[in-house]
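Note sheet for the following structure.
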Amino acid sequence: MSAQQSGSGIQTVDVVCLGESMVTFLPSRPGRLADVPSFGRTIGGAESNVACALALAGHRAKWVSRVGADGFGTHLLDAIGAYGVDVSDVHRDPHRPTGIYFRTADDRDDATHEVAYYRAGSAASAMSPKTVEREALFGARALHLSGITAALSADCLALMRTLCTPAEDRPLLSFDVNHRPGLWSSSEEGARVLLDLARGADLVFVGEDEAEAAWGVRGGVRAVREALPEPAVLVVKQGASGATVFAEGPAGEEGGDEIHHVPAPRVDVVAPVGAGDAFAAGFLSATLRGLDVPLRLRHGHLTAAAALTVPGDVAAVPARHHADELAALDADAWGRLRLGPGWTETGPHQEVWTA
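Using the working numbering, you'd call the opening residue of the sequence shown number -9 and step up by one each time.
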């Protein structure tokens, strides 16, 4: 019996994450890609990152995608499956390769940071409404997507449009905008597509700076909400200052949204890669657990802090009781919180993490 089936045959998956994952090569030392002598192999992909973090947090997570019938595809399946993610609906493509990419070590220096992608014509770019089974996606409590998938090919865009069209049997649809102008042949077209897709989702994650870059939205978080009034829950990420969530009030309630802002804890950053995916995973985890909206934001920040304090895309998340304890701190203690490398492995004593 599949790990995702109960004895009665009812699906028990918490979250399905659909999107491309690639083999990532991290440099052995800082410097230009031209000068780095060797690279270590790991994995990277926005949606699979979310699936891994959710599985580590104790949820039943499934990753749906396509990989090549090559060694890199095998590595992705083995590595992502090792986090406890169900990979049974990832298809092997005998004609297309698995995507790979290389990046420099210093991700905090925009002037010198380099990323080299080798993903054109990848197996994942062949995802479409015909190649991805609806049953693999809709048998969960939530379906998580990102705007990256829409940029991979016309077929992928057709799939995303289908999934972002409201349907009665659709699970909670979570959408991370993930604006990547370099993936689109026209940045204007890409921005329009992402706005369209986000308007069809139930839960949307977008950065305040991302909304300005993609859609020219200025004027703060309320202006972002004005541009995206449709999603029941809109999370606007504000970098080191925190995040704000707009959540629709009870049906018919005068005044509309509940609005909550939660500052981010101070973090000794090792690398920023994967932090946005981790934030989405933490927020989704708390959503699935039925926690109050402010606590969802705190769990998002804590899971992001786990990713920020390691060099790779996927980090060990804090144990649930550990995260719950920190999320329950009063405002003053939360404001003093400071998290550094290894914080998820320390014991449950508040003073270990506070300045």
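Glycine is no exception: its CB is placed at the ideal position from the N, C-alpha and C atoms. Values in this document were obtained by computation on a predicted structure and should not be read as measured data.
Would you say the stretch 60 to 67 touches the stretch 309 to 323, given that touching needs at least three Cβ pairs under 8 Å? no
In the DSSP assignment, what residue or residues form a beta bridge with Y73? Taking the sequence shown and counting its residues from 1, the one referred to as residue 73 is at position 83. Beta-bridge pairing links Y73 to no other residue.
In its own chain, which residues sit with a C-beta less than 6 Å from the C-beta of W174, not counting the 5 before and 5 after it? Counted from its first residue, the sequence shown places residue 174 at position 184. Closer than 6 Å at Cβ, skipping near neighbours: A141 and G180.
Kindly give me the distance between the Cβ atoms of H81 and R109, rounded to whole angstroms, as I take these residues to be in contact under 8 Å. Reading the sequence shown from its first residue, position 91 is the one you call residue 81. Reading the sequence shown from its first residue, position 119 is the one you call residue 109. That belief does not hold up - the Cβ atoms of H81 and R109 are roughly 17 Å apart, past 8 Å.
If you reduce the DSSP assignment to three classes, tell me which class L8 lands in. Residue numbering aside, residue 8 sits at position 18 when the sequence shown is read from its first letter. L8: strand per DSSP, three-state reduction.
Exposure of R182, with buried meaning 16 or more beta-carbon neighbours within 10 Å: Position 192 of the sequence shown, counted from the start, is the residue given in the question as residue 182. Flag for R182 reads exposed.
Within 10 Å of its beta-carbon, does P17 have 16 or more other beta-carbons around it, so buried, or fewer, so exposed? Position 27 of the sequence shown, counted from the start, is the residue given in the question as residue 17. Label assigned to P17: buried.
By how many angstroms is the C-alpha of D303 removed from the C-alpha of A24? As a first step, residue 24 is located in the sequence shown; it is residue number 34 there, counting from the start. As a first step, residue 303 is located in the sequence shown; it is residue number 313 there, counting from the start. Cα to Cα, A24 sits roughly 23 Å from D303.
Taking contact to mean 3 or more Cβ pairs, one atom from each stretch, closer than 8 Å, check whether the stretch 40 to 51 and the stretch 25 to 32 are in contact. no
Tell me, which residues are paired with P17 by DSSP? In the sequence shown, counting from the first residue as 1, residue 17 sits at position 27. Beta-bridge pairing links P17 to F29.
Since S115 contacts S143 with CB under 8 Å, what's their CB separation in whole angstroms? Here residue 115 refers to the residue found at position 125 of the sequence shown. Here residue 143 refers to the residue found at position 153 of the sequence shown. That belief holds up - the Cβ atoms of S115 and S143 are roughly 4 Å apart, short of 8 Å.
Unbroken beta strand (DSSP E) run spanning T334, endpoints: The count along the sequence shown starts at 1 and reaches residue 334 at position 344. Where T334 is concerned, there is no enclosing beta strand (DSSP E), given that its DSSP letter is neither H nor E.
Bridge-paired residues (DSSP) for G197: Taking the first residue of the sequence shown as position 1, residue 197 is located at position 207. Its beta-bridge partners are K227.
Going by beta-carbon coordinates alone, are V5 and A132 separated by less than 7 Å? Taking the first residue of the sequence shown as position 1, residue 5 is located at position 15. Taking the first residue of the sequence shown as position 1, residue 132 is located at position 142. Yes, they are a contact pair.
According to DSSP, K52 sits in a beta bridge with which residue or residues? The sequence position of residue 52 within the sequence shown is 62, counting from 1. V6 and D76.
Can you tell me the Cα-Cα spacing of E123 and V77, whole angstroms? To locate residue 123, count along the sequence shown from 1; it is residue 133. To locate residue 77, count along the sequence shown from 1; it is residue 87. Between E123 and V77, the C-alpha separation is close to 14 Å.
Does DSSP put G242 in a helix, a strand or coil? As a first step, residue 242 is located in the sequence shown; it is residue number 252 there, counting from the start. Legend: pLDDT at G242 = 40, less than 50; position of this residue unreliable, no value from coordinates given.
G242 versus L278 - alpha carbon distance: Translated into the one-based positions of the sequence shown, residue 242 becomes position 252. Translated into the one-based positions of the sequence shown, residue 278 becomes position 288. Note that G242 scores 40 on pLDDT, short of 50, meaning its location in the model is unreliable; the coordinates nonetheless yield the value given after this. Each residue's alpha carbon lies about 24 Å from the other.
Given this structure, state the Cα-to-Cα distance separating P156 from T234, to the nearest angstrom. Mapped onto the sequence shown, residue 156 falls at position 166. Mapped onto the sequence shown, residue 234 falls at position 244. Going from the Cα of P156 to the Cα of T234 covers about 25 Å.
Drop a sphere of 10 angstroms on the beta-carbon of G332, count the other beta-carbons inside from all chains shown, and report buried for 16 or more, exposed for fewer. If you number the sequence shown from 1, residue 332 lands on position 342. Looking at its Cβ environment, which holds fewer than 16 other Cβ atoms inside 10 Å, G332 is exposed.
Does V122 come out as helix, strand or coil in the three-state DSSP assignment? The sequence position of residue 122 within the sequence shown is 132, counting from 1. V122 falls in the coil class under three-state DSSP.
Please work out which residues of its chain come closer than 7 Å, Cβ to Cβ, to G35, disregarding the five sequence neighbours upstream and downstream, and give them in chain order. The residue given as residue 35 occupies position 45 in the sequence shown. G9, E10, S11 and M12, listed in sequence order.
Cα separation between S118 and S231? Position 128 of the sequence shown, counted from the start, is the residue given in the question as residue 118. Position 241 of the sequence shown, counted from the start, is the residue given in the question as residue 231. Those two C-alpha atoms are separated by around 38 Å.
If you check the beta carbons only, do G74 and A43 fall under 7 Å apart? Locating residue 74 in the sequence shown gives position 84, where the first residue counts as 1. Locating residue 43 in the sequence shown gives position 53, where the first residue counts as 1. No, the Cβ-Cβ distance between G74 and A43 is not below 7 Å.
If we require 3 or more residues per run, which beta strand (DSSP E) segments fall completely within the stretch 131 to 191? 162 to 166
Cβ neighbour criterion (16 or more within 10 Å) applied to S176: Taking the sequence shown and counting its residues from 1, the one referred to as residue 176 is at position 186. Label assigned to S176: exposed.
Judging by CA-CA distance, which residue of Q228, K227 and A201 is the nearest neighbour of A217? If you number the sequence shown from 1, residue 217 lands on position 227. For the residues Q228, K227 and A201, the minimum Cα distance to A217 belongs to A201.
What number of angstroms, rounded off, separates the C-alpha of R160 from the C-alpha of V211? Residue numbering aside, residue 160 sits at position 170 when the sequence shown is read from its first letter. Residue numbering aside, residue 211 sits at position 221 when the sequence shown is read from its first letter. Cα to Cα, R160 sits roughly 28 Å from V211.
At the level of alpha carbons, what is the spacing between G325 and G290? In the sequence shown, the residue the question calls residue 325 occupies position 335. In the sequence shown, the residue the question calls residue 290 occupies position 300. One C-alpha to the other measures close to 16 Å.
Check whether L298 and G272 have beta carbons under 7 Å apart: To locate residue 298, count along the sequence shown from 1; it is residue 308. To locate residue 272, count along the sequence shown from 1; it is residue 282. It is not a contact, given that the beta carbons lie outside the stated cut-off.
Taking just the CA atoms, how far does P20 sit from V300? By one-based count along the sequence shown, residue 300 stands at place 310. By one-based count along the sequence shown, residue 20 stands at place 30. C-alpha separation (whole angstroms): 16 Å.
Where do the N-terminal and C-terminal ends of the alpha helix (DSSP H) with A297 fall, by residue? Residue 297 sits at position 307 when you count from the first residue of the sequence shown. Element bounds for A297: V283 to L298.
Do you know how far the Cα of I90 is from the Cα of I33? Residue 33 sits at position 43 when you count from the first residue of the sequence shown. Residue 90 sits at position 100 when you count from the first residue of the sequence shown. Straight-line Cα distance between these residues: approximately 9 Å.
Just verifying my parser: in three-state terms, what is the DSSP assignment at G35? In the sequence shown, counting from the first residue as 1, residue 35 sits at position 45. In the structure shown, G35 sits in coil (DSSP, three-state: anything other than H, G, I, E or B).
Skipping 5 residues on each side, what residues in its chain have a beta carbon closer than 7 Å to that of A148? Locating residue 148 in the sequence shown gives position 158, counting from the first residue. For A148, where only same-chain residues beyond five positions count, the Cβ hits under 7 Å are S118 and P119.
Proximity below 7 Å, CB of A106 to CB of F92: For the purposes of this step, residue 106 is identified with residue 116 of the sequence shown, where counting begins at 1. For the purposes of this step, residue 92 is identified with residue 102 of the sequence shown, where counting begins at 1. Yes. Within cutoff.
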